[in-house]
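Those sequence lines, one after another, are chains R and U. Under my numbering, read the first sequence as residues 223 to 306, first letter to last. Under my numbering, read the second sequence as residues 491 to 647, first letter to last. Ideal Cβ placement from N, Cα and C applies to all residues, glycine included.
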Amino acid sequence: MSVTVLYFAALRERLGKSSETASLHDATTVGEWIAAQGRVDPALADAFAGPGAIRVAVNKTLADLHAPLTDGDELALFPPMTGG
Amino acid sequence: MTVTPQTSEIVVRVLVQEETFDVGAETARLLADSDEVGGLGSFLGVVRGGGGLTALCLEHYPGMSEAALNDLAEQAVARFDLAGCTVIHRVGRLPVGAPIVLVLTSAAHRAAALDATRFLIDRLKTGAPFWKREEFSDGSSVWVESCAEDDAAAAGW
Numbered sequence: 223m224s225v226t227v228l229y230f231a232a233l234r235e236r237l238g239k240s241s242e243t244a245s246l247h248d249a250t251t252v253g254e255w256i257a258a259q260g261r262v263d264p265a266l267a268d269a270f271a272g273p274g275a276i277r278v279a280v281n282k283t284l285a286d287l288h289a290p291l292t293d294g295d296e297l298a299l300f301p302p303m304t305g306g
Numbered sequence: 491m492t493v494t495p496q497t498s499e500i501v502v503r504v505l506v507q508e509e510t511f512d513v514g515a516e517t518a519r520l521l522a523d524s525d526e527v528g529g530l531g532s533f534l535g536v537v538r539g540g541g542g543l544t545a546l547c548l549e550h551y552p553g554m555s556e557a558a559l560n561d562l563a564e565q566a567v568a569r570f571d572l573a574g575c576t577v578i579h580r581v582g583r584l585p586v587g588a589p590i591v592l593v594l595t596s597a598a599h600r601a602a603a604l605d606a607t608r609f610l611i612d613r614l615k616t617g618a619p620f621w622k623r624e625e626f627s628d629g630s631s632v633w634v635e636s637c638a639e640d641d642a643a644a645a646g647w
């Protein structure tokens, strides 16, 4: 049971990686996964503990921490968007 | 390239690309799609210099950026009385003065075209997965942070 995780922009640089395959950790929501992954990846926990909001998308659709997460999903984590 | 014919022959054209775009050609293309157009709305965003800034690097989330712009364009079509719209967003390294984004809307009457143009640019700045990093002449660079004004403009619709 795993998820593909993508990191973008300042978060990608901060973590030093743009993507990884990670355990689902029996999480059923994005928030549960972030909490569980944070226990094995302190840098990720630090990124979420610090100032500045982080946005999430599941399977290329904007989501929030309550969004369901299942085996094989593509989870993306990134800073607020600054296009245009 | 994505060209998605909509119902009622409304044409939505969304592109995310490194290369620049031809505003005249895009305008002509949009006009050619309908003979019931009375006007076009347009917004052209360019890289603003000053403070030693030399370029912007635009990162995006491939696949989601196109989907998010398509979704916004379809929202604009549903909300305003448009004949068509075009949204082109560039990515990669863009020097001062370079075009970044083009929003074109066509409609029978000006209010729909102008309102839809502003809706699209306001929403895409905070609602589509693009991120800007500023590069300066001293070699430093910094990620652009989201600003309250942009959030308020997007929420105003």
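Check	Outcome
Closer than 8 Å to chain R by CB, U/Q496	Here the model assigns U/Q496 a pLDDT of 46, short of 50, so the residue's position is not dependable, and the following value carries that caveat. Output row for U/Q496: interface = no.
Residues near U/D525 by beta carbon distance below 6 Å, same chain, minus five either side	none
Backbone secondary structure at U/L474 - three-state DSSP	The requested residue 474 of chain U is not part of the displayed model; chain U covers only 491 to 647.
Presumed contact (8 Å Cβ cut-off) between U/A615 and R/G274, rounded CB distance	Reading off the sequence shown, one finds Lys at residue 615 of chain U, where the question assumed Ala. In fact, because the Cβ distance is near 18 Å, the residues do not count as touching under 8 Å.
Local Cβ density within 10 Å of U/W647, reported as buried at 16 or more and exposed below that	exposed
Length of the line joining the Cα atoms of U/R519 and R/P264	52 Å
U/H579: contacting residues in chain R (beta-carbon distance under 7 Å)	G305
Uninterrupted alpha helix (DSSP H) stretches inside the stretch 553-639 of chain U (no shorter than 4 residues)	554-569 and 600-617
Proximity to U/G617 [Cα-Cα], best of R/R261, R/T283 and R/L233	R/T283
Distance, R/I256 Cα to U/A563 Cα	32 Å
At least 3 beta-carbon pairs within less than 8 Å: the stretch 542-559 of chain U vs the stretch 621-639 of chain U	yes
Test item: CB-CB of R/F270 and U/W621 under 8 Å	no
Proximity to U/A598 [Cα-Cα], best of U/V581, U/E639 and U/G528	U/G528
Nearest to R/H288 (by Cα), restricted to the options R/S240, R/A249, R/L233 and R/R236	R/A249
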